[in-house]
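Residue numbers (our numbering): 69 to 226.
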Amino acid sequence: LELAKPPLPPGTFRSAIRIPTDNPNYAVLEVIATAFVVSDITYEPQEIVVPENPGEGVSRVVTLRSEIGKPLEFADITPPFPFMQASLSQTDQFTYRVEVKNIVASPDLNGKGVRFNIKIDGREKEIVIPFRVVGAAESAPAPTPAPAPVSTPAPPPS
């Protein structure tokens, strides 16, 4: 078993614990261990997807949550362009909703992000959630396929 030094990055870690025994039929037992490391702050979505629409502003919502039972303190929320606005509201003790308004999706927005400067439990963190601009075909919902025809065998003649 290899132990990593903290802090571990968020993710899933798998390892095996090997236990030698005195049983000749089972000289070594191997126990599989899985650990799930979550960040002290989680957020959804991981990226802000907007359809390409030069000139027309849209809004998107981001949810941020403290996973360690401590409130978040927002020092600053900075959209990539000054004409965009962000409004913050608290939905429960540890969950926050940020509405980013007046997003004008053009190719120069792609890859830029909203910066959140947050303090949690005395530590400062910066989270950047990037924008992804998609064409109209990518943003449209996929058409629902027509149901496949069902054929039933004819009953035998009586």
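For every residue, glycine included, the Cβ atom is placed at its ideal position computed from N, Cα and C.
Test item: CB-CB of A154 and P147 under 8 Å: yes
Going by DSSP, name the residue or residues bridged to S59. The requested residue 59 is not part of the displayed model; the chain covers only 69 to 226.
Considering only residues of the same chain and omitting the five flanking positions on each side of V106, which have a CB-CB separation below 8 Å? Only P78, E135 meet the Cβ criterion.
Cβ-Cβ distance between I109 and I188 below 8 Å: yes
Buried or exposed for Y164, going by 16 or more other Cβ atoms inside 10 Å? buried
Neighbourhood of V118 by C-beta distance below 7 Å, restricted to the same chain and skipping five residues each side: V126, R128, I171, A173, F199, V201
Here's a check: name, in chain order, each residue in its chain whose Cβ is nearer than 6 Å to the Cβ of S157, leaving out the five neighbours to either side. Excluding the 5 residues flanking it on each side, S157 has same chain C-beta neighbours closer than 6 Å at R165, in chain order.
DSSP state of P175 mapped onto helix, strand, coil: It is helical.
Could you give the distance in angstroms between the alpha-carbon of R82 and the alpha-carbon of F104? Within the model, the alpha-carbon separation for R82 versus F104 is close to 9 Å.
Checking the sheet assignment: what are the DSSP bridge partners for A154? V168.
Between which two residues does the beta strand (DSSP E) containing I186 stretch? 181 to 188
For I195, I'd like the list of residues in its chain whose CB is within less than 8 Å of its CB, leaving aside the five on either flank, ordered along the chain. I109, Y111, L132, R183, F184, I186
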